[in-house]
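Asks:
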Amino acid sequence: MDTATPAASLAPRTSNQQSAAEAIIDALVEEGVKAVFGMTGDTVLPLLDALYGRSTKIRYVTTKFEMSTAAMADGYSRATGEIGCALFHVGPSVSNAVLGTWSAQKDNVPLLILSANLDRFRLGRDIWHEFDVNGVFSRFTKRSDQMIEAKDARRLMRTAMQVAKSGLPGAVHIDFPKDLLPQPVDVETFDLSLRGGAHSDYVSNATRPDAEAVDRALALLQSAKRPIIIAGRGVTWSRASKLVVRLAEALSIPVITTEMGRGSIPEHHPLSGGLVGHFGLSTANSLLTDADVVLGLGCQFRNVNTLNWQLINPDARIIQVEPDPLEIGRQYAVAVGVHADAGLFLKDLLERIAGKGIKRADPAIAQDIARRKKDEKARYYDADLESTPIKPQLITKVLEKIAPRDAIYVVGSGHHTHFANYIQVSEPDQYHWCVGSGTMAWAFPAALGIKLARPDRKVIVPIGDGDFGMNAQEIETSVREKLPVTVVIYNDVSFGALRIFQKMQHAGRYIGSNVGETDWVKLAEAYGANGVRVDRPADLEGALKRAIASDVTTIVDVRIDPWELAHRTPEFKEFHRF
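Numbering (our numbering), first residue to last: 405 to 982.
#1: In terms of DSSP beta bridges, what is Q797 paired with?
#2: Taking buried to mean at least 16 other C-beta atoms within 10 Å of its own C-beta, is E616 buried or exposed?
#3: In chain order, what residues of the same chain lie with their CB nearer than 6 Å to the CB of R756, ignoring the 5 residues before and after it?
#4: Can you give me the C-alpha to C-alpha distance between S497 and G504, rounded to a whole angstrom?
#5: Tell me which same chain residues have a C-beta within less than 6 Å of the C-beta of L699, skipping the five on either side of it?
#6: Classify I854: buried if its beta carbon has 16 or more other beta carbons within 10 angstroms, exposed otherwise.
#7: Determine the burial state of L789: buried for a count of at least 16 other Cβ atoms within 10 Å of its Cβ, exposed for fewer.
#8: Starting from the C-beta of A811, find all residues in its chain whose C-beta is less than 6 Å away, skip the five residues before and the five after it, and write them out in chain order.
#9: For the beta strand (DSSP E) containing H577, name the first residue and the last one.
#10: Buried or exposed for S668, going by 16 or more other Cβ atoms inside 10 Å?
#11: Return the chain-ordered list of same chain residues with a C-beta closer than 8 Å to the C-beta of K461, the five sequence neighbours on each side being excluded.
#12: Go through its chain and collect everything with a Cβ distance to G445's Cβ below 8 Å, but skip five positions before and after it.
#13: Given a cut-off of 7 Å on the beta-carbon distance, is the pair P888 and F749 in contact?
#14: Find out if the Cβ-Cβ distance for the pair A501, C489 is shorter than 7 Å.
#15: First and last residue of the beta strand (DSSP E) that includes E726?
#16: Flag this pair as touching only if the region 907 to 915 and the region 826 to 843 have three or more C-beta atom pairs under 8 Å; answer yes or no.
#17: Got a sec, what are the start and stop residues for the alpha helix (DSSP H) Y456 sits in?
#18: Can you tell which of L624, V513, E671, I904 has its C-alpha closest to the C-alpha of G804?
#19: Over what stretch of residues does the beta strand (DSSP E) that includes A621 continue unbroken?
#20: Am I right that V897 and V919 are in contact with their C-beta atoms under 8 Å? What's the rounded C-beta distance?
#21: Can you list, in chain order, the residues of its chain with a C-beta nearer than 8 Å to that of F823? Leave out the 5 residues immediately preceding and following it.
#22: Suppose you measure from the CA of I904 to the CA of I964; what does that come to, to the nearest Å?
#23: Quick one: measure Cβ to Cβ for S423 and Q587, integer angstroms, because I've assumed they're closer than 8 Å.
#24: K582: buried (16+ other C-beta within 10 angstroms of its C-beta) or exposed?
#25: In the DSSP assignment, what are the bridge partners of L691?
#26: Can you list, in chain order, the residues of its chain with a C-beta nearer than 7 Å to that of N420? Leave out the 5 residues immediately preceding and following it.
#27: Rounding to the nearest angstrom, what Cα-Cα distance links N689 and I428 in this structure?
#28: For F544, does the three-state DSSP call read helix, strand or coil?
Okay, here's the thing in structure tokens:
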């Protein structure tokens, strides 16, 4: 077809043909994608029409804003481990998805971004809505393609979904010119029985470790006086949390985690030191500083988990296990670098430990961790929890008391994050935060995607008022789509972290950090949700109980003390140079 002029008509279909749009949606069905999140626009109508005919296989969720769309797909992927899919109209629509796409890419979340573009004969003439979508998305994804011929639809989809989940997972993007979507293409059949299910089942990403590297790692751990394990996202990806616990118990090694590794060991376990780093616990930070051998399992050693690379003793020897060889030695020189899947490494290591009859039982290690936790808990709760405004620590205390043990927490970004991270979790899928980007406006829509994937679980969103205000319109989405979550606003009527920095770093010269009052209760009710404001400590437990039990989204507006610092520690001040 001549791409310089519009098509006059479509070629007739034969009995073994379908539209390119139908081929695209069928590729999602073959992959096992169960949900697509999107914003409607005229360029995506052929794709929506194809979805309409497959609504029993794929649920389409209409959102209120494109950043939310990407975040919902991101959350869905984090909860399922499968590809999250989001669909966008041309120009202004897909450009609004950049932040959400980048956040997923930073955290290695397999996300498929589909955008529909204008007809080909219009492109390149600076027309209304035209946007260099591939030029932009190639900067924020593993791969960005555009369909040039309708017959390429399935090939592009299969390639994109394989890339999204291969190696280090991440975001991928495909752009589809609108005039190609109705074009007839041959129907392709793919026998799912050949691979037993979703496309990802026949793409192996797991790398087995070199035997010599495993032996060297074991020798180093045996020689250590104060070894420690840092469990990162690699443990979560390989579903190896039980193996982490087995290793810790076999050799009496403390385990600390990154944000994406939380739940790799139950945080009430005697050998758990908790979350490490800037947003973590002093217990974990001090354990890492004291360690002479550090076993990093897919943790990358980024600045946020090492307090700008200052937590690890310069004399400590590091064993780094990474599925991405380019990450090994990137932040620290390593004694042993292991290019491997964390789960396969742990299996091989545990086999050697069992085969050699190695066992180290040292109750003093668990006793030391318990002492550090007790001291930290005393510091954390060293506040009048009956005072007004409400201390943020009280929210932690109440949620740990009343929330279901398997509740999922989706945490926003801000000063409140420090407080929320004291809530203990026991499983790898109980805690979610976009740690790589640290963006605001992510948590609430991501929680809706997680709720769609986990309808049987209670989903709780600890979030600041500044963060929640950026995507509060998705309350309507939660009500319409019947995705009830509990939103707990740590409300200090400001961008609290910035105001604290201005107090400590700029002599109290406040500008840009204070915001006006919002009646969150009325806003929730306007969208058909529930809302409650809590000003008194005595009212908090009852309000949270009712909210969590509700079958509709409930906004709990907790008026907190705006000057209560989450950390009274040298590490916190050092990170921000107070």
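Glycine included, every Cβ here is placed at the ideal spot set by N, Cα and C.
All values reported here derive from a predicted model rather than from experimental measurement.
Replies: The structure says:
#1: None, per the DSSP bridge assignment.
#2: exposed
#3: L622
#4: 12 Å
#5: I633, I723
#6: buried
#7: exposed
#8: K862, I864
#9: 575 to 581
#10: buried
#11: V433, K438
#12: F492, H493, V494, S497, A520
#13: no
#14: no
#15: 721 to 726
#16: no
#17: 449 to 456
#18: It is worth fixing the name first, because residue 804 is Glu in this sequence and not Gly. For E804, the nearest C-alpha among the options comes from E671.
#19: From DSSP, A621 is part of no beta strand (DSSP E) but of the alpha helix (DSSP H) over 615 to 627.
#20: 6 Å
#21: P796, Q797, I799, T800, P866, Y894, A970
#22: 14 Å
#23: 7 Å
#24: buried
#25: In DSSP, L691 forms no bridge with anything.
#26: D590, V591
#27: 48 Å
#28: coil
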